[in-house]
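If you read the sequence shown in this note's numbering, its first letter stands for residue 20, the second for the next number, and so on.
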Amino acid sequence: MTPEVLARATSNPKDALKGIKRLLDIRPDLKTDMERLKPMAHIFSGSDYLTDWLIAKPEEIDWALDHVGFDATRDKKEMAVNLKELMTGLDTMSALRRFKHRELCRICARELSGKASFDKTAQDWSTVADIAIDTAIKIAESDALKKYGDPIYTELTCDTERIAMFAALGLGKLGGKELNISSDVDLIFIHSSDNGKTSGPLSIPLHEFFVRIAREVVRLVSEVTHEGFVFRVDLDLRPEGKAGEITNSIGAMEIYYESWGQQWERQALIKARHCGGGEDVSREVINRLHPFVYRKYMDEGDLKEISAMKKKIDLTLSGSKDTACDIKLGRGGIREIEFVAQSMQLLYGARHVDLQTQSTIKALDVCDFLGFLSTPHYRDLKDTYYFHRKLENRIQYDHNQQTHKIPNDKPRREKLGRLMGFDTGDPADDLMDDVKKRMKRISEIFDLFFIQDEKTGSETFPYPLDDEEAVAVWLDKLRFDHPRTSAKALNLLRNGGSFSHPSERSVMAFDRFGPYIVSQAATTPWPDHVILGFSNFVESRAGQGGRGLLYELLDEHRPVIKLLSAIFSSSEYLTAALLRQPDLLDRLLVSDPVEKPADRSAYTMEFKQSIAEKSSVEVRLGLINSFRAAESLRLGLRRILGLTDRFGQMNGLTLLAEEYIKAVAYLAREEIDKTHKTPEDVKWVLVAAGKLGRREMNFGSDIDLLVFYDNNDNDAGDASVYNYVVLLVQGVIRLSGAMTPFGDGYQIDMRLRPEGEAGPLVVSYNAMVDYYDNRGQIWERLALVGARPICGDKKFTRKVMGALGSFIKPGDLLKPSDSDKIVKIRERIASERVKPGVVDIKFGRGGLIDIEFICQWLAMENRETPSEDRPFTLSMLKTARAKKWLEKDVADDLIKAYLFLRSLEDTLRMDKEKAVNVIPISDTILLNRLSRAMEETPGRSGGLVEVIKKTMRKVSGIYLRFFELRGRKK
20 MTPEVLARAT SNPKDALKGI KRLLDIRPDL KTDMERLKPM AHIFSGSDYL TDWLIAKPEE
80 IDWALDHVGF DATRDKKEMA VNLKELMTGL DTMSALRRFK HRELCRICAR ELSGKASFDK
140 TAQDWSTVAD IAIDTAIKIA ESDALKKYGD PIYTELTCDT ERIAMFAALG LGKLGGKELN
200 ISSDVDLIFI HSSDNGKTSG PLSIPLHEFF VRIAREVVRL VSEVTHEGFV FRVDLDLRPE
260 GKAGEITNSI GAMEIYYESW GQQWERQALI KARHCGGGED VSREVINRLH PFVYRKYMDE
320 GDLKEISAMK KKIDLTLSGS KDTACDIKLG RGGIREIEFV AQSMQLLYGA RHVDLQTQST
380 IKALDVCDFL GFLSTPHYRD LKDTYYFHRK LENRIQYDHN QQTHKIPNDK PRREKLGRLM
440 GFDTGDPADD LMDDVKKRMK RISEIFDLFF IQDEKTGSET FPYPLDDEEA VAVWLDKLRF
500 DHPRTSAKAL NLLRNGGSFS HPSERSVMAF DRFGPYIVSQ AATTPWPDHV ILGFSNFVES
560 RAGQGGRGLL YELLDEHRPV IKLLSAIFSS SEYLTAALLR QPDLLDRLLV SDPVEKPADR
620 SAYTMEFKQS IAEKSSVEVR LGLINSFRAA ESLRLGLRRI LGLTDRFGQM NGLTLLAEEY
680 IKAVAYLARE EIDKTHKTPE DVKWVLVAAG KLGRREMNFG SDIDLLVFYD NNDNDAGDAS
740 VYNYVVLLVQ GVIRLSGAMT PFGDGYQIDM RLRPEGEAGP LVVSYNAMVD YYDNRGQIWE
800 RLALVGARPI CGDKKFTRKV MGALGSFIKP GDLLKPSDSD KIVKIRERIA SERVKPGVVD
860 IKFGRGGLID IEFICQWLAM ENRETPSEDR PFTLSMLKTA RAKKWLEKDV ADDLIKAYLF
920 LRSLEDTLRM DKEKAVNVIP ISDTILLNRL SRAMEETPGR SGGLVEVIKK TMRKVSGIYL
980 RFFELRGRKK
């Protein structure tokens, strides 16, 4: 028999002939005994990898000639004996790897020659894995016993001491005895108990003992040496996956699956089978987990979860490339057939014991017998499963690579086609036509069993969330600024952290509403804030029903997601308030709906109810601060959602601050009255200036206060009245700034009082009049424009405001030198406050201060009384335009600039709740966010910074001309 004749007897004569010639080159003596080469010719025809291995190891050729035959069937005992023989002459690592390669040659020859069915091939190869794993366990245990002694544990139910055992459960293809040629082996390591320690002189806890064994087993089996590796070991199916312990006790396994076991873990454990170590341990674990895997009763939620698992498969496929040629993961591939079988096992396995099998084929057979599958579907599923698995082996034989994809190049496809029996026409095209037809049919059957719920919508994640790298790339395309951080947060939202175990229903719920969160986030200026906000919010509610109840709410009420997304995107301050008080969400949804406008009477009533509580000042202050936080959140949300404009928000924040100060003043008086006698006929007034006075409160605004008291026209004054009012003001400052569990109130600034910080905290009426008549500065007139009373004696208030009005509204008494002083003060502010490399939209030249100074001067100059219900600056600009104090074009330019700059300031302050007016021009991420918030195009030519600078240059020009004209007046 010639080599050519021998090669033609194989499915792939070309490669078979190459291999035969290579063998004869190093063993010419075999030319006279070509009959012995028949089995090896089939190896050469289908596996370049094994051909190279045999040629590289001439010493193995004789073993192969003697043992690799068409009828060379071997049972588990025979294989184990051969491994034992190898271990007498080789080190453990080499013996295991040599054993693997010898058996692979035998199995390959029998399958490719058609002498062994796929079932027999898979069973034999699974047996090889079992022997290798069991041997590795025995070796690892033997070494550990010598070093540490016997592992002794005490049973919890009695005081009996026993020897603890270690075992490996096989799952996946190994568990089903369906192992393909280059597959990982899915293992879960288990041991009897952690309750004990070893008996040797070098005693260690049992858990540590078995961890050492597990790690050694993995090393013995999977480490790559000059002989290669035995099997790749995958431990990801163990409790808690990659974050979990490498081995678990029987008790820990039972607790984990009872408490946190998920649907996909039930599915995985269908395949669980003892494959090495102490069989009693494996049997005990499998028995204990049986009720978890095969549940007697299935409800609607279980059915939805199984359907959602199918959806997860679709998600994975949508994020993968070239799945059309992937016979495992592609549509209509092996995984979909397995999923059909395993879903039937989950649904009906408890009632039909025959379904409790690790074998996919046996499960399909039972489903056909019980009528769960129609005969045509059963035949198509079974036939294609065998076809795909045979093809999978032939793909992997060639180069021993863990791949399930049909190669793209024509010669390799042609080789596969011939190996699969397509030996006429064009083997490559015929193979692909058959594969595509089969996969199409399987995908149709698969979809018939798992019709997606129409209500879930079409939104899905394009990648599994535990693939954070792929998710980050996706988020980057959606303009997330920190995609890696957001990808990690999404993974935590769905799968929990190292020490959290979300229920399967929580996971499935997140799969339904999670994509909506991302789509909402992508439409906001701060998308990363949205994802991180949800992640932190879930953690903040851990003690209030936790993840499950919140996910149920979000899954059923998408408007809540929209509301939270708006908060998390727009304001770190509002987000922090919500995290401090998670129940604020319930308040927003029920008692204080966001649709309600700001209402002074409602604020008054709420604060009065809090004050009236029969509890300590601290508790009542907490109630007041809680309402203030809730209402600030609600007002911010109204602005974010477009239910009010920035001036409606200003009005609401102003009313809230006024009523808050009144409430705190009441508490302060109550405290004083406990320890001090109230002076007779005491009269005082709290006057608001600055933002509160001008009805322009914003998030993070301080409250400027001046406090005056009546000294009854006595220059010497009444010390008791003074002391009382001082205590009152000190109480207001302390209580308003005090931190409570619900945050604080407002920072009180008293520096605008006569004599400033050098003067007394509270000022008598006579001292006030004397100061403003004789020593008051022009900048103080400007600063006090808009000042108005908040609380106090009504008659005394009118008296004080009359005197203040004379100072604030000098009219014709203003002098050109006053204008010059304002210009110098303004220039000093710009020089001292503005730092290089930033744009300061408030204190910078042409900033908000310039517009405010113009409006305040106009009010002084024209003795204009500010509006009692509208923010001062915008109202004054409109009045100036109407009364022609400013030219219409100038007024319009200032109004446009004011609205633009205030909008920027609102965006910055709502985010941080502090006086943020500075924009670093080098911070491109912040600029892009602001651009999105301001509806400017990020990164465009003449972007946001240029728009701001252009606006401020125009304002600065108007400001300088305005005061230059007034400085020229005689």
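No residue lacks a Cβ here, since even glycine has one placed at the ideal position from N, Cα and C.
All of these numbers come straight from a predicted model, not from anything done at the bench.
Rounded distance between the beta-carbons of I171 and S218, thought under 8 Å: At roughly 5 Å, the Cβ-Cβ gap stays under 8 Å, so S218 and I171 are in contact.
Per-residue burial, F388 [other beta carbons within 10 Å of its own, 16 or more giving buried]: Here F388 is exposed: its Cβ has fewer than 16 other Cβ atoms, across all protein chains shown, within 10 Å.
H226 burial status per 10 Å Cβ neighbour count (16 or more: buried): That one is buried.
Span of the beta strand (DSSP E), counted from its first residue to its last, around R292: If you look at R292, you'll find it in the beta strand (DSSP E) that goes R292 to G296.
Beta-carbon proximity of V1010 to V857, cut-off 8 Å: No statement about residue 1010 is possible, as the shown extent of the chain runs from 20 to 989 and does not include it.
Residues bridged to T266 [DSSP beta-bridge criterion]: F208, per the DSSP bridge assignment.
Residues bridged to G516 (per DSSP): The partner list for G516 (beta bridge, DSSP) is empty, contrary to what the question assumes.
Three-state secondary structure (DSSP) of F727: Strand, per DSSP.
G1, enclosing beta strand (DSSP E) - first and last residue: The requested residue 1 is not part of the displayed model; the chain covers only 20 to 989.
Beta-carbon gap between L193 and A148 smaller than 8 Å: Yes, the Cβ-Cβ distance between L193 and A148 is below 8 Å.
Rounded separation between I870 and L654 - CA only: For I870 and L654, the distance between alpha carbons rounds to 26 Å.
Residue(s) in a DSSP beta bridge with F468: Residue pairing by DSSP places F468 in no beta bridge whatsoever.
Segments assigned alpha helix (DSSP H), at least 4 residues, entirely inside the region 489 to 573: Runs of the alpha helix (DSSP H) inside the region 489 to 573: 502 to 514, 523 to 541 and 546 to 559.
Member of D67, S635 and R928 whose CA lies at the smallest distance from the CA of A35: Among D67, S635 and R928, the Cα nearest to that of A35 belongs to D67.
C-alpha gap between G476 and I580, whole angstroms: Confidence at G476 is low in this model, with a pLDDT of 39, below 50, so the placement of that residue should be treated as unreliable; the coordinate-derived value is given next. Distance between the alpha carbons of G476 and I580 is about 16 Å.
Cut-off 6 Å between Cβ atoms - residues of its own chain near I767, not counting five sequence neighbours on either side: Exclusion of the five residues before and after I767 leaves I722, L724, I752 and S755 as the residues of its chain whose Cβ lies within less than 6 Å of its Cβ.
Unbroken beta strand (DSSP E) run spanning T217, endpoints: Run containing T217: G215 to T217, per the beta strand (DSSP E) assignment.
Given 8 Å, three or more beta-carbon pairs between the region 885 to 897 and the region 660 to 672: The answer is yes - the region 660 to 672 touches the region 885 to 897, with three or more Cβ pairs under 8 Å.
Rounded straight-line distance, which links the Cα of K216 to that of Y169: This sequence places Asp at residue 169; Tyr is not what is there. So the two alpha carbons sit approximately 8 Å from each other.
Cα-Cα separation, H548 to D255: A straight-line Cα-Cα distance of about 31 Å links H548 and D255.
Residues bridged to I1072 (per DSSP): The structure shown does not extend to residue 1072, since the chain is modelled only from 20 to 989, so the question has no answer here.
Inter-residue spacing [alpha-carbon to alpha-carbon] between F553 and V537: Across the structure, F553 and V537 are spaced so that their CA atoms are roughly 11 Å apart.
Buried versus exposed call for E355 [16 or more other C-beta atoms within 10 Å across all chains shown]: It counts as buried.
CA-to-CA distance, H86 to V125, given in whole angstroms: Strictly speaking, residue 125 in this sequence is Arg, with Val absent from that position. So the alpha carbons of these two residues sit roughly 7 Å apart.
Rounded Cβ spacing between L652 and A595 (contact assumed at less than 8 Å): That pair is no contact at about 10 Å.
Separation of V842 from R959, as counted between CA atoms: Bear in mind that the predicted position of R959 carries a pLDDT of just 43, short of 50, making it unreliable; the figure below should be weighed with that in mind. Computed Cα separation, rounded: 36 Å.
D485 in three-state terms, based on DSSP: In the three-state reduction of the DSSP assignment, D485 falls in the coil class.
Inter-stretch contact at 8 Å, needing at least 3 Cβ pairs: the region 488 to 498 / the region 522 to 530: Inter-segment contact for the region 488 to 498 and the region 522 to 530 is absent: fewer than three beta-carbon pairs are separated by less than 8 Å.
Length of the line joining the Cα atoms of K50 and L43: Here the alpha carbons of L43 and K50 stand approximately 7 Å from one another.
Close-in-space but distant-in-sequence residues of the same chain around A688 (CB under 7 Å, 5 per side omitted): The sequence shown places Arg at residue 688, not Ala. The beta carbon of R688 is closer than 7 Å to those of L747 in its chain, skipping five residues each way along the sequence.
Distance between L923 and S202 (C-alpha atoms, nearest Å): Rounded to the nearest angstrom, the two C-alpha atoms are 58 Å apart.
Rounded straight-line distance, which links the Cα of Y570 to that of E473: The predicted model places E473 with a pLDDT of 37, which falls under 50 and marks its position as unreliable; any figure quoted below should be read in that light. Rounded to the nearest angstrom, the two C-alpha atoms are 20 Å apart.
First and last residue of the uninterrupted beta strand (DSSP E) at R807: Bounds of the beta strand (DSSP E) holding R807 are R807 to G811.
Cβ-Cβ separation, A114 to L102 (assumed contact under 8 Å), whole Å: A Cβ-Cβ distance of about 7 Å is found for the pair L102 and A114, placing them in contact under the 8 Å criterion.
Inside the region 846 to 890 only - beta strand (DSSP E) runs reaching at least 3 residues: Complete beta strand (DSSP E) runs here, min 3: 857 to 859.
Through-space distance from L946 to D417, alpha-carbon basis: So the alpha carbons of these two residues sit roughly 55 Å apart.
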